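Chain order of the listed sequences is A and B.
Going by our numbering, the first residue of the first sequence is number 243, and it counts up by one from there.
Going by our numbering, the first residue of the second sequence is number 243, and it counts up by one from there.
Just so you know, even glycine gets a beta-carbon here, dropped at the ideal spot from N, CA and C.
In this text, all values refer to a predicted model and were calculated from it rather than measured experimentally.
Heads up: the structure comes next, in structure tokens.
There are 2 protein chains.
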Amino acid sequence: MKHYAGVDIGGTNMVIGIVNEAGETQKMVKIATEVKRGGEDVVRRLAEAIGQVQKEAQVTIQGVGIGVPGFVDHVKGTSVFAANLGWKDFPLADLLSAQIGGVPVFVNNDVRMYVYGEATGGAGRGFRHVLGITVGTGMAAAMYNDGRLYYGSGGRAGELGHVTLEGIDYVCNCGLTGCLETVASATGIARQAREAVARGESTVLARQFPGEKVADITSADVSKAYDAGDPAAIAVLQRTGTLLGRGLAAAITLFSPDLIVVGGGAAQAGERLLKPMREEIERAALSFYWRDLQIKPAELLEDAGVVGSALYARGRLEAGEVL
Amino acid sequence: MKHYAGVDIGGTNMVIGIVNEAGETQKMVKIATEVKRGGEDVVRRLAEAIGQVQKEAQVTIQGVGIGVPGFVDHVKGTSVFAANLGWKDFPLADLLSAQIGGVPVFVNNDVRMYVYGEATGGAGRGFRHVLGITVGTGMAAAMYNDGRLYYGSGGRAGELGHVTLEGIDYVCNCGLTGCLETVASATGIARQAREAVARGESTVLARQFPGEKVADITSADVSKAYDAGDPAAIAVLQRTGTLLGRGLAAAITLFSPDLIVVGGGAAQAGERLLKPMREEIERAALSFYWRDLQIKPAELLEDAGVVGSALYARGRLEAGEVL
């Protein structure tokens, strides 16, 4: 059986794992990214960690996949711009490959790696057209279509979180007003709950988070209040699900997936969010887009980035082309 | 130089042309489709017409591309469902190929053929990511990405005309309320103008089209009234362009094209429509989607379907794969 290394680089930690060709993780190690020591140092420690996990797993890897936040050039294997890593046109694949004996290294955006993993080795096995979304602190999406990731110009496609909708008045970090992720995210859910408290609505959240504590409300707290029958919490998740459904109605009409995989922390709201989401999709999109459309939770969860990156390396090597 | 036949099948007429590898039309003939005589008869007359134009142009064709309305299976070369041709799972490519000596025949949806033509031999030459839209009686769109058409599940991707938007209250022929094409189409522009007249707005159109004549208003009449400074006509095209821009803002955020090609009859409104469209795109989408985005009118015009279909046949033969 063949093996690959998958790497997920974040601003704080890097996770490195050995994954077999079936998508099973064999060994995994987490090390601090220590961004301030610079890219070359990150690469040196990555090479060490890959050597170490490979030794522990007693396998020889065929290739390495690395998921990096921000913009990447997946053809050249460079990190074009990663704000929280301080990288700009950083030749990650070449530098790492040179330090691990020429083993091929493939770089892609972390969200695409996650969606590739779900599509080929997670909830999307057997589906040809997979729209993957993560509803976490922010919101991200990518499209896997007929064996390939969809990139568009500059690799910028799929920013569903920055589709702007009428009925959303929040100013987004990106500068636009009305971005879907200002509502459909953990941050957005908590914000709407705080506003309900501030408006003086009768909600258990006002009693649980008095005064300045209101700032501590999380999307998980909103789910708990929802389960206690709290009308304000129900209204927040209903509205969030409806707006998420409205954005997805446009996305499925344009991309025509046969599966939507929903991941990310806020997705743990589950049916509280997914029910109004589906209802809005069925109201706002043609039936042939949703009649056979499946909507599933992500399967790979915490190690999705590592598994996705490793499976992406497998895919690139097997296809002999850029996916 | 190599030559191809391009065919555009409509409910009333079929246009058959010989196109060289540079995308130049050599010979063209238009014959009645005569749908009621059945698919086999259509194929027989198509084969005859292809033989005839080939003879007149004194060339031997390498392949045939056929654009068909409705749903197609471009891999099998079948018309899956074409309401106005009465076809269902009709094996068009195989039947025609058998009648023209085994010359390969490639079938695709007519809008995709048009966009393929514009992308490879029209306004999109030199662009890698082309979103093509037609604003005609209805509205249609397709995406050409990195040398391939984008299909999605069931080949249904790209139905921008059926993205529903808040602020549109019309019921669409498809059954949904708020579809973009109920406004952003020749029909939609004329309808909004008729409504302005019905509301008793002061407009030259009310004087030009008194009483029941109001039903005769066309989108071209609205453009003429716009040029005469008519406030109602200006408001109609402003609103239409704004809503078109809102739909396109979502489409470019998801597809990330580097060019939008705008074709179709209603697109002749030109800047009257494109100016508010661009303004809305710049309001509603992140700047990195529109900063370098070009928006151009279609170049191939009337014979776009024929040229697009012929160039698609060339593309399929040259790539040796399904595009």
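Whose C-alpha, out of the options, is nearest the C-alpha of residue i?
{"i": "residue 509(A)", "options": "309(A), 326(A) and 382(A)", "result": "382(A)"}
{"i": "residue 404(B)", "options": "545(A), 499(A) and 530(A)", "result": "530(A)"}
{"i": "residue 495(A)", "options": "479(A), 523(A) and 514(A)", "result": "523(A)"}
{"i": "residue 372(A)", "options": "526(A), 516(A) and 501(A)", "result": "501(A)"}
{"i": "residue 470(B)", "options": "380(B), 534(B) and 446(B)", "result": "446(B)"}
{"i": "residue 547(A)", "options": "243(A), 261(A) and 244(A)", "result": "261(A)"}
{"i": "residue 322(B)", "options": "554(B), 421(B), 409(B) and 349(B)", "result": "349(B)"}
{"i": "residue 444(A)", "options": "474(A), 457(A) and 503(A)", "result": "474(A)"}
{"i": "residue 491(B)", "options": "406(A), 558(A), 339(A) and 468(A)", "result": "406(A)"}
{"i": "residue 463(B)", "options": "431(B), 528(B), 442(B) and 378(B)", "result": "431(B)"}
{"i": "residue 335(A)", "options": "289(A), 402(A), 328(A) and 361(A)", "result": "289(A)"}
{"i": "residue 438(A)", "options": "284(A), 481(A), 401(A) and 271(A)", "result": "481(A)"}
{"i": "residue 399(A)", "options": "391(B), 387(B), 402(B) and 258(B)", "result": "387(B)"}
{"i": "residue 553(B)", "options": "311(B), 313(B), 512(B) and 359(B)", "result": "359(B)"}
{"i": "residue 311(B)", "options": "291(B), 352(B), 534(B) and 298(B)", "result": "352(B)"}
{"i": "residue 250(B)", "options": "341(B), 309(B) and 282(B)", "result": "309(B)"}
{"i": "residue 347(B)", "options": "456(B), 457(B) and 307(B)", "result": "307(B)"}
{"i": "residue 314(B)", "options": "304(B), 361(B) and 396(B)", "result": "396(B)"}
{"i": "residue 428(B)", "options": "456(B), 442(B) and 465(B)", "result": "465(B)"}
I'd like to know whether the C-beta of residue i is nearer than 8 Å to at least one C-beta of chain B.
{"i": "residue 371(A)", "result": "yes"}
{"i": "residue 392(A)", "result": "yes"}
{"i": "residue 401(A)", "result": "yes"}
{"i": "residue 499(A)", "result": "yes"}
{"i": "residue 351(A)", "result": "no"}
{"i": "residue 531(A)", "result": "yes"}
Under 8 Å between C-beta atoms, does residue i make it to chain A?
{"i": "residue 324(B)", "result": "no"}
{"i": "residue 368(B)", "result": "no"}
{"i": "residue 396(B)", "result": "yes"}
{"i": "residue 404(B)", "result": "yes"}
{"i": "residue 528(B)", "result": "yes"}
{"i": "residue 356(B)", "result": "no"}
{"i": "residue 255(B)", "result": "no"}
Can you tell me where the beta strand (DSSP E) with residue i in it begins and where it stops?
{"i": "residue 303(B)", "result": "303 to 310"}
{"i": "residue 342(A)", "result": "Here residue 342(A) belongs to no beta strand (DSSP E), and DSSP marks it neither H nor E."}
{"i": "residue 248(A)", "result": "245 to 251"}
{"i": "residue 280(A)", "result": "Element bounds for residue 280(A): n/a, residue is neither H nor E."}
{"i": "residue 324(A)", "result": "320 to 324"}
{"i": "residue 314(B)", "result": "313 to 315"}
{"i": "residue 258(B)", "result": "255 to 262"}
{"i": "residue 487(B)", "result": "Note, residue 487(B): premise wrong, no beta strand (DSSP E); alpha helix (DSSP H) at 473 to 497."}
{"i": "residue 501(B)", "result": "501 to 505"}
{"i": "residue 530(A)", "result": "From DSSP, residue 530(A) is part of no beta strand (DSSP E) but of the alpha helix (DSSP H) over 529 to 532."}
For residue i, count neighbouring Cβ atoms within 10 angstroms of its own Cβ and tell me buried if that reaches 16, exposed if not.
{"i": "residue 296(A)", "result": "buried"}
{"i": "residue 543(A)", "result": "exposed"}
{"i": "residue 274(A)", "result": "exposed"}
{"i": "residue 415(A)", "result": "exposed"}
{"i": "residue 355(B)", "result": "buried"}
{"i": "residue 452(A)", "result": "exposed"}
{"i": "residue 519(B)", "result": "buried"}
{"i": "residue 279(B)", "result": "exposed"}
{"i": "residue 300(A)", "result": "exposed"}
{"i": "residue 558(B)", "result": "buried"}
{"i": "residue 562(A)", "result": "exposed"}
{"i": "residue 317(A)", "result": "exposed"}
{"i": "residue 254(B)", "result": "exposed"}
{"i": "residue 413(A)", "result": "exposed"}
{"i": "residue 368(B)", "result": "exposed"}
{"i": "residue 483(A)", "result": "buried"}
{"i": "residue 564(B)", "result": "exposed"}
{"i": "residue 283(A)", "result": "exposed"}
{"i": "residue 256(B)", "result": "buried"}
Mind checking which residues open and close the alpha helix (DSSP H) that includes residue i?
{"i": "residue 444(B)", "result": "No alpha helix (DSSP H) holds residue 444(B); DSSP gives it neither H nor E."}
{"i": "residue 359(B)", "result": "352 to 363"}
{"i": "residue 374(A)", "result": "It is not in any alpha helix (DSSP H) - residue 374(A) instead sits in the beta strand (DSSP E) that spans 371 to 377."}
{"i": "residue 518(B)", "result": "513 to 526"}
{"i": "residue 412(A)", "result": "First-last for residue 412(A): undefined, no H or E at that position."}
{"i": "residue 554(A)", "result": "546 to 561"}
Does the beta carbon of residue i sit closer than 8 Å to a beta carbon anywhere in chain D?
{"i": "residue 420(B)", "result": "Here the protein chains are A and B, and chain D is not one of them."}
May I ask you to list, following chain order, the residues of the region 472 to 497 of chain B that have a beta carbon less than 9 Å from some beta carbon of chain A?
-> Listed in chain order, the positions of the region 472 to 497 of chain B with a beta carbon within less than 9 Å of a beta carbon of chain A are 488, 489, 491, 492, 493, 494, 495, 496 and 497.
field: chain A contacts from the region 406 to 440 of chain B (Cβ-Cβ distance under 7 Å)
entry: 406, 408, 409, 416 and 418
- chain B contacts from the region 378 to 390 of chain A (Cβ-Cβ distance under 7 Å): 387
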